[in-house]
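**Q** For what it's worth, our numbering labels the leading residue of the sequence shown as 213, then goes sequentially.
No residue lacks a Cβ here, since even glycine has one placed at the ideal position from N, Cα and C.
The structure displayed is predicted, hence computed values, not measured ones.
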Amino acid sequence: MSSNRVANRELAPPAVDDVPRQAGIVEFVRLIGRRWPLIVVAVLVGIVGAGAVSALSPPSYHSSTRVLVGTCAEGSIEQAYQCGMFTKDRAQSYAALVTSDVLAQRVVDDLHLDAAANDVASKITAIAEPETALIEITVTDSDPDEARRMADSAGRQFVQMVGEVELRNTGQQNNPFTNLTIVEAAKVAAKTGSSTMTNLLFGALAGLLVGLVTALVRDRLDAKVTSSDAVESTGVPVLSEPPHDASVTWADGDQRVEEFRRLRMTIADSGRVVTVVGARTPEAAFATAVDLGRASSEAGARVVLVNSDMRVGKGFDANTVAGEGLADLLRQPDMTVAVAERLPTWNAPAIHILGAGRVPADTTATALLSTGNLPKVLESLRQEFDVVVVYAAPVQDAADAAIVGAATDGVILVVESGQTKIDDVAESVATLVAAGATTLGAVLTTSRRAARSWRRSTR
Numbered sequence: 213m214s215s216n217r218v219a220n221r222e223l224a225p226p227a228v229d230d231v232p233r234q235a236g237i238v239e240f241v242r243l244i245g246r247r248w249p250l251i252v253v254a255v256l257v258g259i260v261g262a263g264a265v266s267a268l269s270p271p272s273y274h275s276s277t278r279v280l281v282g283t284c285a286e287g288s289i290e291q292a293y294q295c296g297m298f299t300k301d302r303a304q305s306y307a308a309l310v311t312s313d314v315l316a317q318r319v320v321d322d323l324h325l326d327a328a329a330n331d332v333a334s335k336i337t338a339i340a341e342p343e344t345a346l347i348e349i350t351v352t353d354s355d356p357d358e359a360r361r362m363a364d365s366a367g368r369q370f371v372q373m374v375g376e377v378e379l380r381n382t383g384q385q386n387n388p389f390t391n392l393t394i395v396e397a398a399k400v401a402a403k404t405g406s407s408t409m410t411n412l413l414f415g416a417l418a419g420l421l422v423g424l425v426t427a428l429v430r431d432r433l434d435a436k437v438t439s440s441d442a443v444e445s446t447g448v449p450v451l452s453e454p455p456h457d458a459s460v461t462w463a464d465g466d467q468r469v470e471e472f473r474r475l476r477m478t479i480a481d482s483g484r485v486v487t488v489v490g491a492r493t494p495e496a497a498f499a500t501a502v503d504l505g506r507a508s509s510e511a512g513a514r515v516v517l518v519n520s521d522m523r524v525g526k527g528f529d530a531n532t533v534a535g536e537g538l539a540d541l542l543r544q545p546d547m548t549v550a551v552a553e554r555l556p557t558w559n560a561p562a563i564h565i566l567g568a569g570r571v572p573a574d575t576t577a578t579a580l581l582s583t584g585n586l587p588k589v590l591e592s593l594r595q596e597f598d599v600v601v602v603y604a605a606p607v608q609d610a611a612d613a614a615i616v617g618a619a620t621d622g623v624i625l626v627v628e629s630g631q632t633k634i635d636d637v638a639e640s641v642a643t644l645v646a647a648g649a650t651t652l653g654a655v656l657t658t659s660r661r662a663a664r665s666w667r668r669s670t671r
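1) Isoleucine 479 by DSSP, collapsed to three states: which one?
2) Can you tell me whether DSSP reads aspartate 431 as helix, strand or coil?
3) Please check the pair serine 508 and arginine 476, which I expect to be a contact at CB under 8 Å, by giving their CB distance rounded to whole angstroms.
4) Using the three-state DSSP reduction, which class does proline 388 fall into: helix, strand or coil?
5) Go to alanine 338, then tell me how far its beta strand (DSSP E) extends in each direction, as first and last residue.
6) For a test of the three-state rule: what should DSSP assign to valine 524, helix, strand or coil?
7) Could I get the ranges of all uninterrupted beta strand (DSSP E) runs contained in the stretch 577-607, with 3 residues as the minimum, in chain order?
8) Grab the span of the beta strand (DSSP E) containing alanine 654 for me, first residue to last.
9) Confirm, please, whether the CB-CB distance from serine 266 to threonine 408 is below 8 Å.
10) With a CB to CB cut of under 8 Å and the five nearest residues on each side skipped, what residues in its chain are close to alanine 397?
11) Near alanine 654, what residues of its chain come up, given a Cβ to Cβ distance below 6 Å and the 5 sequence neighbours on each side ignored?
12) Within the same chain, show all residues whose beta-carbon is closer than 7 Å to that of arginine 361, passing over the 5 residues directly before and after it, in chain order.
13) Give the C-beta separation of leucine 538 and glycine 567 to the nearest angstrom, bearing in mind that I take them to be a contact with Cβ-Cβ under 8 Å.
14) Taking the beta strand (DSSP E) that leucine 280 belongs to, which residues open and close that run?
15) Could you check if leucine 652 is buried or exposed, using at least 16 other CB atoms within 10 Å of its CB as the buried criterion?
16) Would you call the stretch 303-315 and the stretch 329-337 in contact, with 3 or more CB pairs under 8 Å?
17) Buried or exposed for arginine 233, going by 16 or more other Cβ atoms inside 10 Å?
18) Give the secondary structure of aspartate 353 by DSSP, where H, G and I count as helix, E and B as strand, and everything else as coil.
19) Does DSSP classify proline 249 as helix, strand or coil?
20) May I have the straight-line CA-CA distance separating valine 310 from glycine 419, to the nearest angstrom?
21) When you compare only the Cα positions, how much space is there between leucine 590 and threonine 500?
22) In three-state terms, what does DSSP make of serine 452?
23) With C-beta atoms as the reference, is aspartate 598 less than 8 Å away from valine 515?
24) Enumerate in chain order the residues of its own chain whose CB-to-CB distance from valine 425 is below 8 Å, with the five nearest sequence positions on each side excluded.
25) Who does alanine 402 pair with in a DSSP beta bridge?
26) Let me know the secondary structure DSSP gives glycine 537 once reduced to three states.
27) Figure out for me which residue from Thr548, Asn330 and Val374 has the closest Cα to the Cα of valine 279.
28) With the cut-off set at 8 Å, would you say isoleucine 244 and isoleucine 251 are in Cβ contact?
29) Roughly how many whole angstroms lie between the Cα atoms of proline 556 and leucine 517?
30) Do you know offhand how far serine 275's Cα is from glutamate 358's?
31) If you check the beta carbons only, do glycine 630 and threonine 487 fall under 8 Å apart?
32) Under 8 Å between the Cβ atoms of threonine 578 and alanine 611?
33) Go ahead and pull the three-state DSSP assignment for asparagine 559.
34) According to DSSP, is valine 623 part of a helix, a strand, or is it coil?
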């Protein structure tokens, strides 16, 4: 086949980097559906972590007092203005004294505290309120009563300390520019920090965010096919979605059986010689080739299943007569008709089988497939059988699949849900198209769990 078509429509080889990873809101919802256990665990960890922090963190209380840097009691309007500006500037300077170890030591001595000055200083903060002459002194402690007592003492000691400093600098006992007054005494300390419920809420939100980010990263790194949309994003239509269940028996009512019956009818007009191949793993592709052959056979067609993977033998190869495998026919294509007449049957519904045969030591499987005799062998089989299903080695393993696919009427690419990577699907399609093969579509095998669930629902 020389047409570079996929499902009867033109297709340019897809670039792997262009394969979409997300598809808006719908894909985001699917991401949550795929990774919900991870997200739930992250939320629970966030809640537990927040609860642990809340339980282990000691309670914290704060109490505040406010000090006014006094204004001038007498003088002209101009002097009052200058005095006001002076006191605002002084308030900014004084605020730095509140958190000093010197003031903290005075508080320790005043209250007879069993604590170091630097420890007390770390509990005291001071803010000079903008555009005012007010300084707010706040003390934070695990004991609410102690916080109030230290705030009260800090205010008193601050007023006294500033007075002493100004007295040394000016020598005036009552300097009107430095008159500090406590205008608001410390009150009963209030609890600081957020509540346990708030912490749990933030923990849950943080866990949710971490879970979503982790799920997105894992999804991008994993990038495995989990839906038909992911396959079709590479430009290949999904022909069927049978459950991947090797234990299934060929019986009416089984989902896998019904899917292959529909697949047979879907590709009925696409040619009589079809290649079935996986992207990277062989098991699902081989099972698909067998069941497609069985579906065709039960419909009355005379079917032959050809194993073109000469590197790895299959179970039915043991039934192949020595000297009558595909490798032998590729060296002597004129033998095909004679061999076809005595090919053994296998499985039920019965299908004829042509094993891979033995590759001579002086050549390789790829070299044999490339001799030009493969089209002759397949044409001879076409004359003897109604349907020829050729199983090929995975596309990503060797060039064999591309060679075989180009020699048949079309290729069915088998993709395993949750196993096959999107990149492998895209690369496989590009390889087949470049070789001149016609890609009919993909068979997306679902999980074994889906198969069991479907069977239970039909009982």
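**A** Put simply:
1) Translated into the one-based positions of the sequence shown, residue 479 becomes position 267. Under the three-state reduction of DSSP output, isoleucine 479 falls in the coil class, being neither helix nor strand.
2) Taking the first residue of the sequence shown as 1, we reach residue 431 at position 219. Helix, per DSSP.
3) To locate residue 508, count along the sequence shown from 1; it is residue 296. To locate residue 476, count along the sequence shown from 1; it is residue 264. Under the criterion of beta carbons closer than 8 Å, serine 508 and arginine 476 qualify as touching, at roughly 5 Å.
4) The sequence position of residue 388 within the sequence shown is 176, counting from 1. The predicted model places proline 388 with a pLDDT of 47, which falls under 50 and marks its position as unreliable; any figure quoted below should be read in that light. Looking at proline 388 - three-state DSSP - the assignment turns out to be helix.
5) Position 126 of the sequence shown holds residue 338. Element bounds for alanine 338: 336-340.
6) For the purposes of this step, residue 524 is taken as the residue at position 312 of the sequence shown. DSSP places valine 524 in coil when its eight states are reduced to three.
7) If we require 3 residues or more, the beta strand (DSSP E) runs fully inside the stretch 577-607 come out as 599-603.
8) What you label residue 654 is simply residue 442 of the sequence shown in a count that begins at 1. Here the beta strand (DSSP E) through alanine 654 covers 651-657.
9) As a first step, residue 408 must be located in the sequence shown, where it is residue number 196. As a first step, residue 266 must be located in the sequence shown, where it is residue number 54. Taking the C-beta atoms as reference points, serine 266 is found nearer than 8 Å to threonine 408.
10) As a working mapping, residue 397 is identified with position 185 in the sequence shown. Same-chain partners within the cutoff: Thr277, Asp364 and Gly367.
11) As a first step, residue 654 must be located in the sequence shown, where it is residue number 442. Take alanine 654, set aside five residues on each side of it, and the residues of its chain with a beta-carbon closer than 6 Å to its own are Val443, Val448, Val450, Leu625 and Val627, in chain order.
12) Walking along the sequence shown from the start, residue 361 turns up at place 149. The answer, listed in chain order, is Leu323.
13) Here the question's residue 538 lines up with position 326 in the sequence shown. Here the question's residue 567 lines up with position 355 in the sequence shown. Contact annotation, leucine 538 with glycine 567: C-beta distance approximately 7 Å; criterion of less than 8 Å satisfied.
14) Taking the sequence shown and counting its residues from 1, the one referred to as residue 280 is at position 68. That run of the beta strand (DSSP E) goes 273-281.
15) As a working mapping, residue 652 is identified with position 440 in the sequence shown. Buried, by the Cβ-count rule.
16) Result yes; three or more Cβ-Cβ pairs closer than 8 Å.
17) Working through the sequence shown from its first residue, we reach residue 233 at position 21. Any reading at arginine 233 must be qualified, since the residue scores a pLDDT of 44, below 50, and its modelled position is unreliable; the value itself is stated next. Exposed: under 16 other Cβ atoms inside 10 Å.
18) Looking up residue 353 in the sequence shown gives position 141. Of the three classes helix, strand and coil, the one that applies to aspartate 353 here is strand, per DSSP.
19) Here residue 249 is taken as the residue at index 37 of the sequence shown, counted from 1. In the structure shown, proline 249 sits in a helix (DSSP, three-state: H, G or I).
20) Position 98 of the sequence shown, counted from the first residue, corresponds to residue 310. Position 207 of the sequence shown, counted from the first residue, corresponds to residue 419. Going by the C-alpha atoms only, they are around 41 Å apart.
21) Counted from its first residue, the sequence shown places residue 590 at position 378. Counted from its first residue, the sequence shown places residue 500 at position 288. For the pair leucine 590 and threonine 500, the Cα-to-Cα distance works out to about 20 Å.
22) In the sequence shown, counting from the first residue as 1, residue 452 sits at position 240. Here serine 452 sits in strand by DSSP.
23) Numbered from its first residue, the sequence shown carries residue 598 at position 386. Numbered from its first residue, the sequence shown carries residue 515 at position 303. Yes.
24) For this step, residue 425 is matched to residue 213 along the sequence shown. Cβ within range, chain order: n/a, list empty.
25) Stepping through the sequence shown from its first residue, residue 402 is reached at position 190. According to DSSP, alanine 402 bridges with His274.
26) Start at 1 with the first residue of the sequence shown, and residue 537 comes out as number 325. In this structure, glycine 537 counts as coil in the three-state DSSP scheme.
27) What you label residue 279 is simply residue 67 of the sequence shown in a count that begins at 1. Here the closest residue by C-alpha is Val374.
28) As a first step, residue 244 must be located in the sequence shown, where it is residue number 32. As a first step, residue 251 must be located in the sequence shown, where it is residue number 39. Yes; because the gap between Cβ atoms is below 8 Å, this pair is in contact.
29) Within the sequence shown, the letter at position 344 stands for residue 556. Within the sequence shown, the letter at position 305 stands for residue 517. Those two C-alpha atoms are separated by around 11 Å.
30) Along the sequence shown, one-based indexing puts residue 275 at 63. Along the sequence shown, one-based indexing puts residue 358 at 146. In this structure, the CA atom of serine 275 is about 9 Å from the CA atom of glutamate 358.
31) Residue 630 sits at position 418 when you count from the first residue of the sequence shown. Residue 487 sits at position 275 when you count from the first residue of the sequence shown. The beta carbons of glycine 630 and threonine 487 sit no closer together than 8 Å.
32) One-based indexing of the sequence shown puts residue 578 at position 366. One-based indexing of the sequence shown puts residue 611 at position 399. Against a cut-off of 8 Å, the Cβ pair of alanine 611 and threonine 578 comes out as a contact.
33) As a working mapping, residue 559 is identified with position 347 in the sequence shown. Asparagine 559 falls in the coil class under three-state DSSP.
34) Position 411 of the sequence shown, counted from the first residue, corresponds to residue 623. Secondary structure at valine 623: strand, using DSSP grouped into helix, strand and coil.
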